[in-house]
Amino acid sequence: MIKNPKLAGVLFVSLLSILLCSCGSEPSVYRTGFIAMDTYIDITVYGKNAESAAKAVKEEVMRIESLMSVTAPDSEVSKINAMAGETVTVSDDTEKVIRAALEIGEESGGALDITLRPVITEWGFTTGDYKIPDGETLDNLLEKVDYRSVKVGDNTVFLPFGEQIDLGAAAKGYAGDRAVAVLKENGVESAIISLGGNVQALGAKIGGTSWNIAVNNPFNEGNMCLLKLENASVVTSGNYERYFESEDGKRYHHIIDPADGYPADNGIVSATIAGESGLECDALSTAIFVMGAEKAEKLWREKGGFEMLLVTEDKRIILTEGLTDVFTNLSDMEVSEIKR
Ligand code: ADP
Ligand code: MG
């Protein structure tokens with residue numbers, strides 16, 4: 004059985020919109036949706052210029068996609084991959100995303116690794132032509148995986164011959180940051196954007212109340228909780244977002260542990276990160292999903308600047324103290340708090 008992530012996105016967004024519906028006198032609002040970056044993108048903009056600002060956001064997201072898509076042959080990522088062994092000139096945008104991903108690669112002890120592309124391809128996650136590789140094949144491919152071999156600087160990227168990158172763990176987060184920047188340039192003060200599992204909230208709702216951002220329940224596709232936030236990015240990586248099942252019913256999801264090349268299996272079924280930067284939250288959500296709860300807690304203490312909400316496979320919610328007051332549990336899972 005293959006689950007359709009786009010459909011899941013639409014479902015998520017429609018649930019989200021019910022929760023976001025502000026009743027009473029409605030200010031000018033413009034809502035639009037489209038498919039880009041391999042997911043459904045939903046934009047709701049309030050106030051003056053809502054429609055033109057939303058259209059500018061769409062253009063910007065398409066621009067980021069055209070730079071960072073791993074499948075579009077003309078993207079900068081495809082050029083870096085095709086020219087591995089040589090230095091390639093890239094935009095400020097691509098340089099920024101690669102830099103951030105390498106930094107979080109380092110901070111996460113290699114849990115986030117943008118050079119995993121050969122392994123991801125072998126599993127078929129980019130094409131949908133899924134298969135279960137054997138351990139030896141994965142070990143061989145992992146010899147071509149090492150984020151530390153990527154050199155980036157002054158609008159250039161160097162990747163050693165034979166290596167391949169994939170910015171799928173962070174590019175949507177960056178697109179969210181760019182979307183907010185474009186909205187602000189257009190004078191918008193209130194908007195909410197959903198890019199698949201990523202939510203980017205600008206300002207507060209009209210009237211000043213915070214957004215209620217819904218986080219999916221990884222066990223039943225309903226909403227697990229609400230987070231009441233303003234000016235925030237909320238990004239979830241989950242084992243339910245993209246996966247296939249073998250004939251005996253075992254689930255293989257798309258977040259790979261660079262330690263062995265298999266789908267990460269460190270006790271986490273979903274990792275939600277809240278913070279200011281979509282790029283950082285996105286990169287962290289993938290890294291923390293791979294790391295598991297214990298190492299994630301250590302990273303949270305050492306790095307700071309973000310909050311996290313983990314769901315474990317034994318159905319517990321673990322959240323960091325910055326989320327306690329903004330969290331409404333909609334599930335029957337037990338909640339524990341991590342304090343500084
Ligand atoms: P989504 O794209 O579904 O929101 P993530 O942000 O967690 O989810 O990114 C997962 C994508 O990142 C995968 O589809 C794959 O392209 C890539 N990827 C998978 N595992 C890793 C990893 N450990 N490090 C870096 N990128 C990864
Ligand atoms: Mg991510």
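Taking our numbering, I'd label the letters of the sequence shown as residues 4 to 343.
The beta carbon of each residue, even a glycine, is placed where N, CA and C say it ideally should be.
Within a Cβ cutoff of 7 Å, which residues of the same chain sit near residue i, ignoring the five residues on either side of it in sequence?
{"i": "residue 169", "result": "73, 117, 119, 120 and 123"}
{"i": "residue 292", "result": "240, 258, 267, 271 and 274"}
{"i": "residue 57", "result": "33, 35, 46 and 48"}
{"i": "residue 203", "result": "179, 182, 183, 196, 236 and 281"}
{"i": "residue 216", "result": "202, 204, 229, 230, 232 and 237"}
{"i": "residue 82", "result": "91"}
In chain order, what residues of the same chain lie with their CB nearer than 6 Å to the CB of residue i, ignoring the 5 residues before and after it?
{"i": "residue 68", "result": "39 and 40"}
{"i": "residue 341", "result": "300 and 323"}
{"i": "residue 339", "result": "321"}
{"i": "residue 164", "result": "87 and 88"}
{"i": "residue 205", "result": "183, 186 and 194"}
{"i": "residue 254", "result": "246 and 248"}
{"i": "residue 207", "result": "213 and 233"}
{"i": "residue 79", "result": "70, 93 and 97"}
From residue i to residue j, what distance separates their C-alpha atoms?
{"i": "residue 95", "j": "residue 288", "result": "23 Å"}
{"i": "residue 250", "j": "residue 133", "result": "12 Å"}
{"i": "residue 236", "j": "residue 128", "result": "26 Å"}
{"i": "residue 131", "j": "residue 210", "result": "44 Å"}
{"i": "residue 167", "j": "residue 309", "result": "29 Å"}
{"i": "residue 144", "j": "residue 220", "result": "34 Å"}
{"i": "residue 307", "j": "residue 269", "result": "22 Å"}
{"i": "residue 37", "j": "residue 45", "result": "7 Å"}
{"i": "residue 318", "j": "residue 228", "result": "14 Å"}
{"i": "residue 59", "j": "residue 76", "result": "24 Å"}
{"i": "residue 162", "j": "residue 99", "result": "16 Å"}
{"i": "residue 332", "j": "residue 290", "result": "24 Å"}
{"i": "residue 326", "j": "residue 311", "result": "8 Å"}
{"i": "residue 260", "j": "residue 103", "result": "19 Å"}
{"i": "residue 71", "j": "residue 85", "result": "14 Å"}
{"i": "residue 295", "j": "residue 55", "result": "42 Å"}
{"i": "residue 97", "j": "residue 139", "result": "33 Å"}
{"i": "residue 171", "j": "residue 298", "result": "22 Å"}
{"i": "residue 244", "j": "residue 149", "result": "25 Å"}
{"i": "residue 106", "j": "residue 200", "result": "22 Å"}
{"i": "residue 347", "j": "residue 343", "result": "Outside the shown range of the chain, which is 4 to 343, sits residue 347, and nothing can be said about it."}
{"i": "residue 142", "j": "residue 125", "result": "12 Å"}
{"i": "residue 175", "j": "residue 61", "result": "13 Å"}
{"i": "residue 265", "j": "residue 64", "result": "31 Å"}
{"i": "residue 263", "j": "residue 192", "result": "45 Å"}
{"i": "residue 24", "j": "residue 136", "result": "Reliability fails at residue 24, whose pLDDT of 44 lies under 50, so the model's placement of it is uncertain and no value is given."}
{"i": "residue 66", "j": "residue 336", "result": "40 Å"}
{"i": "residue 159", "j": "residue 109", "result": "20 Å"}
For the ligand ADP, I want to know if residue i counts as a neighbour, meaning its beta carbon is within less than 7 Å of at least one of the ligand's heavy atoms.
{"i": "residue 178", "result": "no"}
{"i": "residue 119", "result": "yes"}
{"i": "residue 102", "result": "no"}
{"i": "residue 261", "result": "yes"}
{"i": "residue 149", "result": "no"}
{"i": "residue 39", "result": "no"}
{"i": "residue 329", "result": "no"}
{"i": "residue 257", "result": "yes"}
{"i": "residue 114", "result": "yes"}
{"i": "residue 304", "result": "no"}
{"i": "residue 254", "result": "no"}
{"i": "residue 289", "result": "yes"}
{"i": "residue 281", "result": "no"}
{"i": "residue 128", "result": "yes"}
{"i": "residue 264", "result": "no"}
{"i": "residue 110", "result": "no"}
Is the beta carbon of residue i within less than 7 Å of some heavy atom of the ligand MG?
{"i": "residue 159", "result": "no"}
{"i": "residue 293", "result": "no"}
{"i": "residue 218", "result": "no"}
{"i": "residue 204", "result": "no"}
{"i": "residue 59", "result": "no"}
{"i": "residue 285", "result": "yes"}
{"i": "residue 299", "result": "no"}
{"i": "residue 197", "result": "no"}
{"i": "residue 78", "result": "no"}
{"i": "residue 173", "result": "yes"}
{"i": "residue 240", "result": "yes"}
Excluding the five sequence neighbours on either side, which residues of its own chain have a C-beta within less than 8 Å of the C-beta of residue i, listed in chain order?
{"i": "residue 329", "result": "213, 230, 231 and 232"}
{"i": "residue 31", "result": "49, 50, 51 and 53"}
{"i": "residue 315", "result": "270, 271, 272, 296 and 321"}
Would you verify that the beta carbon of residue i is, or is not, closer than 8 Å to some beta carbon of chain B?
{"i": "residue 249", "result": "As a matter of chain content, chain B is missing from the structure shown, which is built from one protein chain."}
Compute the minimum distance between the beta carbon of residue i and the heavy atoms of the ligand SAM, and state whether it is under 7 Å.
{"i": "residue 132", "result": "Only the ligand ADP and the ligand MG can be found as ligands here, which leaves the ligand SAM out of the picture."}
Below 8 Å, can you find three or more Cβ-Cβ pairs linking the region 181-191 to the region 108-115? Contact between the region 181-191 and the region 108-115 is absent, because fewer than three Cβ pairs lie under 8 Å.
Decide if the region 196-212 is in contact with the region 220-228; the criterion is three or more beta carbon pairs, one per stretch, under 8 Å apart. Contact between the region 196-212 and the region 220-228 is absent: fewer than three C-beta pairs spanning the two stretches fall below 8 Å.
Is there contact between the region 150-158 and the region 81-100, where contact requires at least three CB pairs shorter than 8 Å? Look at the beta carbons and you see the region 150-158 touching the region 81-100: at least three pairs across the two are nearer than 8 Å.
Specify whether the region 170-181 and the region 277-285 touch according to this definition: at least 3 beta carbon pairs, one from each stretch, less than 8 Å apart. Counting Cβ pairs under 8 Å, three or more are found: they touch.
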